[in-house]
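In what follows, a structure is listed as C-alpha cells, so that the remarks can point back to it.
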Amino acid sequence: MKPKPYLSSFFLLLIAFILSLAIGSVFISPAELWKILRGLGDETFTFIIWQIRLPRTVLIALTGAALSGSGAAYQGLFRNPLADPFLIGVASGAGLGAVIAMSIQWPYSFWGLMAIPMSAFIAALLTIFVVYFLARVGRTVPTTNLILAGVAVSSFATSLTSFLMLRSTSEVRRALGWLLGGASQAGWTAILAILPYIVIGLGILLINGHRLNLLQFGDDQAQQLGLNVTRTKTILLIAASLATAAAVAFSGIIGFIGLVVPHVIRLWFGGDYRRLIPLSIIGGASALLVSDVVARIVLAPQEIPVGIITSLVGAPFFLWVLRTAKNQGYW
Amino acid sequence: MLKIQNLSVSYKGHQVLHDVSFDVKHGEVLALIGPNGAGKSTIIRAASGVVPSTGQIRTNGDDFHALDPMQRARYMAVVPQAISLPPAFTVWETVLMGRTPYLGFLGNASSLDEELARQSLSKVNALAFSDRRVGELSGGEAQRVLLARALCQSTPILLLDEPTAHLDLQYQVSLLELIRELAHAENLAVLIALHDLNLAARYADRVALLVGGHLTSIGSPREVLTAEAISHAYCLPVHVVEHPFMDSPLVLPQ
Numbered sequence: 001m002k003p004k005p006y007l008s009s010f011f012l013l014l015i016a017f018i019l020s021l022a023i024g025s026v027f028i029s030p031a032e033l034w035k036i037l038r039g040l041g042d043e044t045f046t047f048i049i050w051q052i053r054l055p056r057t058v059l060i061a062l063t064g065a066a067l068s069g070s071g072a073a074y075q076g077l078f079r080n081p082l083a084d085p086f087l088i089g090v091a092s093g094a095g096l097g098a099v100i101a102m103s104i105q106w107p108y109s110f111w112g113l114m115a116i117p118m119s120a121f122i123a124a125l126l127t128i129f130v131v132y133f134l135a136r137v138g139r140t141v142p143t144t145n146l147i148l149a150g151v152a153v154s155s156f157a158t159s160l161t162s163f164l165m166l167r168s169t170s171e172v173r174r175a176l177g178w179l180l181g182g183a184s185q186a187g188w189t190a191i192l193a194i195l196p197y198i199v200i201g202l203g204i205l206l207i208n209g210h211r212l213n214l215l216q217f218g219d220d221q222a223q224q225l226g227l228n229v230t231r232t233k234t235i236l237l238i239a240a241s242l243a244t245a246a247a248v249a250f251s252g253i254i255g256f257i258g259l260v261v262p263h264v265i266r267l268w269f270g271g272d273y274r275r276l277i278p279l280s281i282i283g284g285a286s287a288l289l290v291s292d293v294v295a296r297i298v299l300a301p302q303e304i305p306v307g308i309i310t311s312l313v314g315a316p317f318f319l320w321v322l323r324t325a326k327n328q329g330y331w
Numbered sequence: 332m333l334k335i336q337n338l339s340v341s342y343k344g345h346q347v348l349h350d351v352s353f354d355v356k357h358g359e360v361l362a363l364i365g366p367n368g369a370g371k372s373t374i375i376r377a378a379s380g381v382v383p384s385t386g387q388i389r390t391n392g393d394d395f396h397a398l399d400p401m402q403r404a405r406y407m408a409v410v411p412q413a414i415s416l417p418p419a420f421t422v423w424e425t426v427l428m429g430r431t432p433y434l435g436f437l438g439n440a441s442s443l444d445e446e447l448a449r450q451s452l453s454k455v456n457a458l459a460f461s462d463r464r465v466g467e468l469s470g471g472e473a474q475r476v477l478l479a480r481a482l483c484q485s486t487p488i489l490l491l492d493e494p495t496a497h498l499d500l501q502y503q504v505s506l507l508e509l510i511r512e513l514a515h516a517e518n519l520a521v522l523i524a525l526h527d528l529n530l531a532a533r534y535a536d537r538v539a540l541l542v543g544g545h546l547t548s549i550g551s552p553r554e555v556l557t558a559e560a561i562s563h564a565y566c567l568p569v570h571v572v573e574h575p576f577m578d579s580p581l582v583l584p585q
C-alpha cells in the first residue's frame, strides 16, 4: 500500500465510482456502462445513468471530498485529531443556514439553488467562530473544550433547524430526509450550484499544505519561521467552512467522514499536510461513494440516508480515536 | 548589530518588561540571566514579534515592528525549547522549514534550499539521522535539529530561548560550545536566555542581568556576576569564586 499513495487512492476512487454507477434498483453492468458512455446503450439505462446515477454519484463524490478535505484542515488548524466538520458543529450550523434559505425561498430556480450554499456558508462561518471562541483557552484549543462547544452549538443549531421545519410548509418538511444525509435531491443544477464553492474551498486547502505543516509546531514557531499566522488561519478556516457548507447544502449532514478518512490516511501515509489534504480529498470521495452504495442496497428496494451508514461506522471509530489519540505517535 | 531600545511589554494590563535597552554585536554571544519571571523569555518573544511590545528593535535602521513575519524571519531566527515537537515530520523536513521566509507562494524548496539544509544539518552534526522523525529524537538531538532549522534561515541574528533547560549536562555543554563556535565563526549576533548562571559565565561573551522586568546590569561575566548583584537578584546569599580550571567566575549558593 505504502509506496504509491496517489495511484492506489485514484484506483480506489475509480472502483467506487463504477460501483456507484452500476448498483441501484436496477443493476447496470460495467460492460453496459461502457456502451452507454459511447452512446450505444439501452435508452432506459442511458436515461438512468445520465439523469439519475451520474449526478448523484458526482454529488456524493464532491460531498465526501469536501467533508474529508475540510476535516483534515480543521484537524491541522486546531492541532486536534478530533476536529471534524460534524463534531465541531460546523455541519449543523451550515444545515441551519441551508434550511433558513429553503424556508425563505424553496428552490425552484437556479438562483434559488445558489442561495442555499451561500446561506449555509455564512451560517458555517458564524458557527466556527462561536465554537472557537467558546473552546479556546489562551492560544490553545483543548480537545474536550472543542468537542463540548461543538456538541452544544450543534444541538442548538439542530433544534432551530427542527423548529423551522415543523412550523413550515410540507415542502420544507421534505427536507428532513435530506438533512439526515440523503442525496435524492441530486440533479445537475445542484452540482453546478456547489461546484464553485468546493473548487475554491478545496483549492485553497490544497495549496496551503506547507503552511498547515508549519502550524503543527505551534503558532509562535510558525510565526518565527515567517508565517503570517493570523492571516493564514483565517483564510484556511474560511476555505474549510466553504467546502463544508457546500457539501451540507445539498447532501445534508453526514457525520464522521471528515474524521475517519484523514485518520486512516495519516496512519498509512503520515501527517504531512502536503500529502494529507489531497489524499483525504480523494479518499473521502471514495469512502462516501461506498457508503452510499451500501445505503442503497442494505434495505433494498428502500434507500436509507447515507448519514446513517457513516455514523454507524464513524461513531465507534471516534470513540477509539478518543481513547488512543493521546499516545498515538503518528499525530 | 541587534539594537534594542526602550523595549517594554505589558501583559493583561500589567507591565512585565520595563524600558530595556542593549545591543548585541555580530560575532558575540549575549546571555540574558535572572530569576524566573524576570523577563528573559519575554525579551526573546518580544524581539521575535510573537508578543506585542513598544520601543525599538532594529538592525541597520529597520525597526522590526514595521516588518511582517516573513521579512522579520529573514533577519532573525529563533531556537525554541525542543518540547512536544509534532511527530509527523522527519529531521530533514523540519530543517527545510527554516527556508520558509524565502519560499514562493506554493512553498516548493529549490536545490539551493536543500543544499543550505544539508549544510545546517552538518554544522550541528545531525546529518546522520536526517531521516528520523523529530518526535522520536532524544532531547539533545531534537535541540540540535531546531538549531539547524534556525541556521537554515540564514539570518544575521539568532535568538535562543533557554535551549538547555531540558537537557542532560553533557548536552548542555556541547550545545553551548557549538553555539559559541557558530557565533564566532559565522559572525552571528546571538542572544540567548539562560537559566544556569555558570553556563552563562562560561559560554557568553557578555551577560545581562534582569530582575523583575528591569535590566540591572550588563557587561562581561566577571563584571555582572558579582556576589552582591546575584545575592540581591535571587534573594539568596551566594559566593562568587574563580573557576578552578577555566577563566570564568563560578557562582556558589551559600
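Top to bottom, those sequences are chains X and U.
Residue numbers for the first sequence follow our numbering, beginning at 1 and rising by one.
Residue numbers for the second sequence follow our numbering, beginning at 332 and rising by one.
Note that the Cβ used here is the ideal one computed from N, Cα and C, for glycine as well.
A quick note: this is a predicted structure, and the numbers were derived from the prediction, not measured.
query: Within chain U, partners of residue 89(X) - CB distance below 8 angstroms; result: Per Cβ cutoff of 8 angstroms: no residues; residue 89(X) is ~26 angstroms from chain U at best.
query: Identified DSSP bridge partners for residue 27(X); result: Beta-bridge pairing links residue 27(X) to no other residue.
query: Euclidean distance between Cα positions of residue 88(X) and residue 154(X); result: 7 angstroms
query: Where the alpha helix (DSSP H) containing residue 261(X) begins and where it ends; result: 257-269
query: Assigned secondary structure, residue 390(U) (DSSP; H/G/I helix, E/B strand, else coil); result: strand
query: Contact under 8 angstroms by Cβ, residue 429(U) with residue 481(U); result: yes
query: Enclosing beta strand (DSSP E) for residue 548(U) [first to last residue]; result: 545-550
query: Interface partners of residue 207(X) on chain U, CB under 7 angstroms; result: 437
query: Minimum Cβ-Cβ distance from residue 479(U) to chain X less than 8 angstroms; result: no
query: Residue closest to residue 24(X), alpha-carbon to alpha-carbon, out of 54(X), 31(X), 222(X); result: 54(X)
query: Backbone secondary structure at residue 472(U) - three-state DSSP; result: helix
query: Touching by the beta-carbon criterion (3+ pairs, under 8 angstroms), the region 369-385 of chain U and the region 463-472 of chain U; result: no
query: Segment contact flag, the region 547-565 of chain U with the region 493-508 of chain U, C-beta cutoff 8 angstroms, min 3 pairs; result: no
query: Burial state of residue 403(U), where buried means 16 or more other Cβ atoms lie within 10 Å; result: buried
query: Alpha-carbon spacing of residue 242(X) relative to residue 114(X), whole angstroms; result: 13 angstroms
query: Chain-ordered residues of the region 387-401 of chain U with a beta carbon less than 8 angstroms from chain C; result: Among the protein chains in the structure shown, which are X and U, there is no chain C.
query: Secondary structure of residue 6(X), DSSP reduced to three states; result: helix
query: Listed by chain order, chain X residues near residue 419(U) by CB distance under 9 angstroms; result: 213, 216, 266, 270, 271, 272, 273, 276, 330, 331
query: CA nearest to the CA of residue 437(U), picked from 216(X), 30(X), 227(X); result: 227(X)
query: Three-pair Cβ contact test at 8 angstroms for the region 29-36 of chain X versus the region 231-250 of chain X; result: no
query: Alpha carbon of residue 229(X) to alpha carbon of residue 582(U), nearest angstrom; result: 42 angstroms
query: Option nearest residue 187(X) by Cα separation, candidates 8(X), 44(X), 49(X); result: 49(X)
query: Chain U contacts made by the region 214-243 of chain X, where a contact means CB separation under 7 angstroms; result: 214, 216, 217, 220, 221, 223, 224, 225, 226, 227, 228
query: Closest Cα partner of residue 166(X) within the set 99(X), 240(X), 293(X); result: 99(X)
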